[in-house]
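Residue numbers (my numbering): 411 to 1023. Structure first, then comments.
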Amino acid sequence: MSTTKKSRRPLVYALIVIFLWFGTSGVMGPLFGKLSTVQENDNSAFLPDSAESTQASKVIAQFNDSENQSLPTLVLYRGEIDAEKIAGLNIHLAQLGAKNIGTSDVPISTYLNPGEQIFAIPSPDGEALLVTLPFSADVATDLLPDNKPVLPELIETLREDAIEYASSNGLVSNVTGIGAILGDLFGAFEGIDSSLLFTTLIVVALILIVVYRSPVLWILPLFSAVIALSTAGGFIYLLTKNDVIDLNGQSQGILSVLVLGAATDYALLLIARYREELHHFDTPFNAMKAALKGVVEPIVASGATTTTALMVLLLSDLSGNRGLGPVGAIGIICSVITILTLLPALLVAFGRWVFWPRIPRHDDVNSQLDGSWAKVGALVAKRPRKLWIGTAIGLTILAGFSTTLNARGLSSVDQFTQRPDSVVGLEFLGEHFPGGSGQPTEVVIKQEQIAPITAALMQVDGVASVEPLRNAPAVPGQPPAEIKIVDGKVILNATLSLNPDSVEARDVVPKIRDAVHAIDPGILVGGSTAVAFDTDVAANHDNRTIIPIVLILITIILGLLLRSIFAAGLLLGTVVLSYFATLGACQLVFEHIFGFKGADTSFPLFAFIFFIN
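Spelled out as structure tokens, the structure:
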């Protein structure tokens, strides 16, 4: 009787661990499901306080009511323009606010800044009309009664209205500007977190099926990885909700891939060692004890190395990257704990049969001597010098292509793989109006500096026009309103000749700053283009500082683990060479296979973090 109880004891231990994890998942899983509700995706919110555009935005906010921060959306009408069409369109625009958004009963006027007039402005060439719709910034965050985001539904409603009016008046319409671009991006990324998660799960499942050739075994490590992800997501939700860390959509997407990848990697190591030990022990419990003794140290060391690399992101200038540090670290820690506790319990509970049809028997066979990898190991041992030299040459060639990787950042337009209406509209906008219409660069100056700063700005290549912010927008045929002055300061709106969201427009920002700072170093240059420029500068700073710091820390950790400076240096060399070879391979794939115009400025840093993992 006592022998029976003793034989059942390992199973009881395993079931206790499993039930504890089920309870944890029951609490954390629903919180993980709400993770997207605590995201913050405003670029300016992630910039350091020292960034000039951040300082400018604080002053610019004083010129507007907090409830009326604007997200301008542009409607472009093209065709033969005359006074009658202008008057007709203005009459139509006066009724636009009463139209409901989508199928809801929420009128468009709900999100129009109160008191601002909407009218059509003819282009200098007389072939287009431009309408600026000053929507409240709440349109980007609010939900309709059916829980759909307001912005994409609003943009679609505007497009339908514009197309209907244009077609009946011999015109062609496009809805563009920052509001429309964001609306199209919302549509493109709708459900991206769930799609990315499911895609990752499918890829991992296929890899596990191929590796184990078992219809059952692959489920256990994948299930453990999902538990690790939901647990990490729950903790991150609580920390983000209580303003301990920052989370954006990018970090959440990276979290899913990072945790599933790391947990699966650790699981592969554990299951491989467990399979070997099953040949040498008569019970799964004893085999698992031996397997854990062999894998705990390398798994914990791997997790510690990756966690250290992620925590270095706390030194980032961008709070979004700083948020990714603890987000990723929590994910890795949960992966290590789950794979070293839940997965062993599941494997012990299910027993040997889970490896069917290739069930390892207690026969003292050394499985390491069989299989294709054993042959690869024998080949490497036989000709090590030729293989490492050949591999190093191949990696060096690939690394050479990393110097051509275009990681200067992408405009919102270039982030689309197709050409939505907002992108087409921007192209036509540049043919009839300055490319930066409706989205100017904002320069905060003193009241008495209007004339000299305006003259200096007009000398900057890329600036099309400069106008001071007034108490009311200009209306054709009416005298301009008075200049808006707050605490002796004025805003000059510098309209660029380029698409304000483009990489080329960002290059104009330092020229503008040089021009105005030569007159007064205290002048602040802000606006969406300046925010994008400062974000790129901060990301490049992170690439130059964080990657070397991580490499130094990893070298120290490896030196302590291996107790060999030479071995640590050798591993560091392989890591650096392989990393740059990876960037080179990405450049070839991006340009010649996918046709991408470039990569985000943070791509080298994120690629490095994944590579270290």
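All C-beta atoms, glycine included, are put in the ideal place defined by N, C-alpha and C. All of these numbers come straight from a predicted model, not from anything done at the bench.
Under a 10 Å Cβ-count criterion, Ser782 is classified as exposed, with fewer than 16 other Cβ atoms of the shown protein chains found around its own Cβ.
When Asn523, Lys495, Pro559, Pro544 are compared, the shortest CA-CA separation from Thr513 is found for Pro559. For the options Glu877, Pro555, Glu914, Trp431, the alpha carbon positioned closest to that of Pro890 is the one of Glu877. Only residues of its own chain outside the window of five on either side were considered, and among them Ile646, Ile655, Leu657, Ser661, Leu665 have a CB closer than 7 Å to the CB of Val737, listed in chain order. Here Gly433 is exposed. Its C-beta has fewer than 16 other C-beta atoms within 10 Å. In the DSSP assignment, Pro794 falls within the alpha helix (DSSP H) that extends over 794-810.
Within a 10 Å sphere around the beta-carbon of Ala508 sit fewer than 16 other beta-carbons, which makes this residue exposed.
Within the same chain, Cβ atoms closer than 6 Å to the Cβ of Ser745 are found at Ala638, Val669, Ala672, Ala673, the five residues on either side in sequence being excluded. For Trp763, the number of other beta carbons within 10 angstroms of its own is below 16, and it is reported as exposed. Pairing Leu554 with Val516 gives a Cβ-Cβ distance under 8 Å.
The beta-carbon distance between Val870 and Ile922, rounded to whole angstroms, is 5 Å. This is short enough to meet the 8 Å contact definition. Shown here, Thr483 sits in a strand according to DSSP, grouped into three states. Here Asp571 is buried: its Cβ has 16 or more other Cβ atoms, across all protein chains shown, within 10 Å.
When secondary structure is reduced to three states using DSSP, Leu879 falls in the coil class, being assigned neither helix nor strand.
Gly735 sits close to Leu723, with the two beta carbons spaced by under 8 Å. Between Phe838 and Leu486, the gap from beta carbon to beta carbon is short of 8 Å. Collapsing the DSSP output to three states places Pro559 in a strand.
Relative to the Cα of Phe691, the nearest Cα in the group Pro524, Leu961, His772 belongs to His772. Ala530 and Ala576 have their C-alpha atoms some 13 Å from each other. Thr905 places its beta carbon 8 Å or farther from that of Ser938.
Per DSSP, Phe545 is one residue of the beta strand (DSSP E) stretching across 538-546. As the crow flies, the alpha-carbon of Gly593 is around 20 Å from that of Val448.
Here the alpha carbons of Trp628 and Leu564 stand approximately 45 Å from one another. Counting C-beta pairs closer than 8 Å gives three or more between the region 1007-1017 and the region 945-952, which meets the contact rule. Restricting attention to Arg683, Phe1021, Gly730, the CA atom closest to the CA of Glu707 is found in Arg683. A direct Cα-to-Cα measurement between Thr542 and Val941 gives close to 22 Å. Contact between Leu867 and Leu902 holds, since their C-beta atoms are separated by about 7 Å, short of 8 Å. For Val935, the enclosing beta strand (DSSP E) starts and ends at 934-936. In this structure, Ala697 sits away from Met721, with a CB-CB distance that is not shorter than 8 Å.
Excluding sequence positions up to five before and after Leu981, its CB lies within less than 6 Å of the CB of Leu968, all in the same chain and listed in chain order. Secondary structure of Thr851 (DSSP, three-state): strand. The Cβ atoms of Gln527 and Pro850 lie no closer than 8 Å to each other.
For Ala904, the uninterrupted beta strand (DSSP E) run begins and ends at 899-906, by DSSP. Its chain contains Ile709, Ile749 as the residues whose beta carbon lies nearer than 6 Å to that of Tyr676, once the 5 sequence neighbours on both sides are disregarded; these appear in chain order. Using a C-beta cut-off of 8 Å, the region 892-900 makes contact with the region 842-861, since at least three inter-stretch Cβ pairs fall below that distance. Asp556 sits away from Tyr521, with the two beta carbons spaced by 8 Å or more.
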